[in-house]
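Chains as they are written, first to last, in UniProt numbering: chain A, 1 to 243; chain B, 1 to 243.
All remarks here apply to the structure that follows.
There are 2 protein chains.
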Amino acid sequence: MADPEEKVAISLLSRAVALDKQQRFTESLICYEEGIQILTQVIRGLKDPKKKSHFSQKANEYLDRAEHIKNHVHLEKSKGNYHEKIRIEDGAKGFSYQSVFGRFLSESVLTIDVEDPYIRTFHQLQNFVRFCEVVCRLCPNLKKISLITGKDSSNGDVQINGLSNIRSDLEERGITMDITFSETLHDREIRLDAGWIIKIGRGLDYFKPPKSKWAIGYYDLDLRPCHESTIDIYHRNNLAKNT
Amino acid sequence: MADPEEKVAISLLSRAVALDKQQRFTESLICYEEGIQILTQVIRGLKDPKKKSHFSQKANEYLDRAEHIKNHVHLEKSKGNYHEKIRIEDGAKGFSYQSVFGRFLSESVLTIDVEDPYIRTFHQLQNFVRFCEVVCRLCPNLKKISLITGKDSSNGDVQINGLSNIRSDLEERGITMDITFSETLHDREIRLDAGWIIKIGRGLDYFKPPKSKWAIGYYDLDLRPCHESTIDIYHRNNLAKNT
Numbered sequence: 001m002a003d004p005e006e007k008v009a010i011s012l013l014s015r016a017v018a019l020d021k022q023q024r025f026t027e028s029l030i031c032y033e034e035g036i037q038i039l040t041q042v043i044r045g046l047k048d049p050k051k052k053s054h055f056s057q058k059a060n061e062y063l064d065r066a067e068h069i070k071n072h073v074h075l076e077k078s079k080g081n082y083h084e085k086i087r088i089e090d091g092a093k094g095f096s097y098q099s100v101f102g103r104f105l106s107e108s109v110l111t112i113d114v115e116d117p118y119i120r121t122f123h124q125l126q127n128f129v130r131f132c133e134v135v136c137r138l139c140p141n142l143k144k145i146s147l148i149t150g151k152d153s154s155n156g157d158v159q160i161n162g163l164s165n166i167r168s169d170l171e172e173r174g175i176t177m178d179i180t181f182s183e184t185l186h187d188r189e190i191r192l193d194a195g196w197i198i199k200i201g202r203g204l205d206y207f208k209p210p211k212s213k214w215a216i217g218y219y220d221l222d223l224r225p226c227h228e229s230t231i232d233i234y235h236r237n238n239l240a241k242n243t
Numbered sequence: 001m002a003d004p005e006e007k008v009a010i011s012l013l014s015r016a017v018a019l020d021k022q023q024r025f026t027e028s029l030i031c032y033e034e035g036i037q038i039l040t041q042v043i044r045g046l047k048d049p050k051k052k053s054h055f056s057q058k059a060n061e062y063l064d065r066a067e068h069i070k071n072h073v074h075l076e077k078s079k080g081n082y083h084e085k086i087r088i089e090d091g092a093k094g095f096s097y098q099s100v101f102g103r104f105l106s107e108s109v110l111t112i113d114v115e116d117p118y119i120r121t122f123h124q125l126q127n128f129v130r131f132c133e134v135v136c137r138l139c140p141n142l143k144k145i146s147l148i149t150g151k152d153s154s155n156g157d158v159q160i161n162g163l164s165n166i167r168s169d170l171e172e173r174g175i176t177m178d179i180t181f182s183e184t185l186h187d188r189e190i191r192l193d194a195g196w197i198i199k200i201g202r203g204l205d206y207f208k209p210p211k212s213k214w215a216i217g218y219y220d221l222d223l224r225p226c227h228e229s230t231i232d233i234y235h236r237n238n239l240a241k242n243t
């Protein structure tokens with residue numbers, strides 16, 4: 001019978017292979033690496049020589065694949081044309097901001113640019129608070145967030161009040177927030193100074209509304225169903241060189 | 001200069017030692033184990049023989065300590081008197097439900113008993129939704145949550161409405177929720193069928209209110225300041241035997 005660690009390793013590696021097939025390479029790499037680490041521990045504890053040799057062979061295959069992906073990502077980044085596509089099906093779950101782009105957030109991120117024409121209404125501002133929470137948590141050296149969005153002409157008070165509250169809260173954490181209003185903005189993208197560009201078809205507003213205030217998934221966005229949406233992740237190597 | 005992996009390993013192991021000193025053993029163990037894993041990788045990549053030998057010696061010391069803690073926890077559990085105390089200072093952060101007891105939640109948890117006299121007002125019900133989100137996420141085989149709480153005499157509609165909404169949402173996920181009202185309840189504790197008992201001095205309601213709806217920490221409870229509080233974690237070995 002498989003022990004719990006063995007199960008975890010197998011589940012991580014199956015996920016790695018699935019993500020790999022979908023060409024979601026940077027996510028797949030994380031699963032390969034974690035899965036291989038745990039599998040190596042499992043192998044160390046195995047007594048059955050047949051099983052041990054089978055698992056070792058598997059681990060080597062995964063290691064080779066992970067190495068190959070790492071090189072591929074590195075090469076594409078250096079050529080400035082890395083591209084990863086995430087398709088969110090209608091009603092799919094598991095796509096919180098942290099799950100989608102948390103792996104690109106780290107202590108090396110100092111500035112983040114957000115272009116999203118719809119940070120206007122109450123729930124869109126709530127999305128932005130959640131976005132700020134994720135970056136505050138994962139980017140301890142973050143110094144600046146630049147937001148370009150559209151002005152809410154019908155109910156501007158909510159927007160102005162919300163944004164200035166968010167700004168002053170970020171300031172207390174040593175993060176400056178620049179806000180620019182633009183009426184011609186079409187793109188929805190998030191740019192990290194490390195060179196990653198995350199383009200989300202719907203911007204940050206890709207979650208379905210919760211059924212009620214008491215719904216599982218009201219707070220935890222990984223449990224919230226999403227609208228159909230596409231996320232493209234690029235790396236602009238030349239951007240990274242300029243920082 | 002330390003590479004990023006080395007920094008991660010050192011930070012995890014420093015945290016392990018700090019938690020170890022506070023006798024927060026099960027948390028400390030996780031940090032030791034993750035830290036040692038990463039340190040082992042770092043050592044493998046090192047070229048400087050002096051540094052390599054220094055780090056290897058350190059890794060062995062941490063391994064010994066982790067082994068010692070594992071045995072200690074196992075022994076105390078088997079004697080039925082494992083006890084871990086977490087003191088939350090006034091205003092401290094980093095104590096979301098997931099951070100505090102997420103490590104006890106797993107696929108082996110089938111039933112959870114919650115005794116908390118104050119799941120009554122709007123924000124207390126919100127806390128309970130968040131609690132349910134954490135257990136839904138981490139206990140994929142959960143079948144039942146039993147809640148014993150006090151009745152809200154002043155504004156009972158909010159409570160009844162909130163609880164029945166939560167119950168029907170859990171039902172859709174195959175989780176039954178039993179609700180019992182008790183006026184004599186004093187204890188605040190969460191019991192997992194695996195034998196763990198988490199007693200929180202203030203029950204689930206130990207977070208300070210957010211400054212505004214736009215506050216960093218409105219959604220992410222790890223970023224929310226807490227009230228001073230004490231959490232005791234026990235393991236009832238005999239309970240585990242009965243399940």
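Using N, Cα and C, we set each Cβ at its ideal position, and we do this for glycine too.
It should be emphasised that the depicted structure is a prediction, and the values quoted were computed from it without experimental measurement.
| query | result |
| --- | --- |
| Rounded straight-line distance, which links the Cα of K208 of chain A to that of K241 of chain B | Low confidence applies here, because K241 of chain B scores a pLDDT of 45, under 50, leaving its location unreliable; read the following figure in that light. If you take the alpha carbons of K241 of chain B and K208 of chain A, they lie about 43 Å apart. |
| According to DSSP, residues forming a beta bridge with R87 of chain B | B:T230 |
| 8 Å Cβ cutoff met for L204 of chain A and M177 of chain A | no |
| Partner residues on chain A for Y218 of chain B, Cβ-Cβ distance less than 7 Å | V129 |
| Strand pairing of H235 of chain B, partner residues [DSSP] | B:Y82 and B:W196 |
| Test item: CB-CB of I86 of chain B and C132 of chain A under 8 Å | no |
| Rounded separation between F25 of chain B and W196 of chain B - CA only | 14 Å |
| G174 of chain A versus E183 of chain B: straight-line alpha-carbon distance, rounded | 47 Å |
| Where E6 of chain B meets chain A, residues with beta-carbon distance less than 7 Å | Per Cβ cutoff of 7 Å: no residues; E6 of chain B is ~13 Å from chain A at best. |
| Exposed unless 16 or more other CB atoms sit within 10 angstroms - verdict on Q159 of chain B | buried |
| Inter-residue spacing [alpha-carbon to alpha-carbon] between E27 of chain A and N155 of chain B | 47 Å |
| Candidates A:V129, A:E33, A:V42 and A:I30, of which the one nearest D3 of chain A by Cα | A:V42 |
| Proximity test, Cβ basis, 8 Å: A92 of chain B and chain A | no |
| For Y234 of chain A and D193 of chain B, the rounded distance between their alpha carbons | 46 Å |
| For Y118 of chain A and Q124 of chain A, believed in contact at Cβ under 8 Å, the rounded distance | 5 Å |
| Cβ distance (whole Å) where D220 of chain B is taken to contact R137 of chain A below 8 Å | 6 Å |
| Beta carbon proximity, R173 of chain A to chain B, threshold 8 Å | yes |
| Contacts that I166 of chain A makes with chain B (C-beta to C-beta distance below 7 Å) | W214 |
| Terminal residues of the alpha helix (DSSP H) in which T26 of chain B lies | F25 to G45 |
| Nearest-angstrom Cα separation, counted from N165 of chain B out to A92 of chain A | 22 Å |
| Extent of the continuous alpha helix (DSSP H) to which K21 of chain A belongs | P4 to K21 |
| Near-chain D residues of the UniProt domain "MIT" (2 to 77) of chain B (beta-carbon distance less than 7 Å), N- to C-terminal order | Here the protein chains are A and B, and chain D is not one of them. |
| Interface positions of the stretch 136 to 158 of chain A facing chain B (Cβ-Cβ less than 9 Å), listed along the chain | C136 and R137 |
| Alpha-carbon to alpha-carbon, I145 of chain B and Y82 of chain B | 24 Å |
| Contact with chain B by E133 of chain A, beta-carbon distance below 8 Å | yes |
| First and last residue of the uninterrupted beta strand (DSSP E) at D113 of chain A | T111 to E115 |
| Helix, strand or coil at E133 of chain B according to DSSP, with G and I counted as helix | helix |
| N- and C-terminal bounds of the alpha helix (DSSP H) containing S164 of chain A | G156 to E172 |
| Local conformation of F95 of chain B per DSSP, three classes | coil |
| Closest by C-alpha distance to D90 of chain B, when choosing among B:I231, B:C226 and B:E84 | B:C226 |
| Own chain partners of residue 256 of chain B with C-beta closer than 7 Å, once the 5 adjacent residues on each side are dropped | Here chain B comprises residues numbered 1 to 243, so residue 256 of chain B is not present and cannot be evaluated. |
| Chain A contacts made by the stretch 98 to 128 of chain B, where a contact means CB separation under 9 Å | S106, E107, S108, F122, L125, Q126 and F128 |
| Where T243 of chain B falls, given that 16 or more other Cβ within 10 Å makes a residue buried | The predicted position of T243 of chain B is uncertain, since its pLDDT is 39 and thus under 50; no value can be drawn from it. |
| Per-residue DSSP class, three states only, for D64 of chain B | helix |
| Environment of A16 of chain B [buried if 16+ CB atoms lie within 10 Å] | buried |
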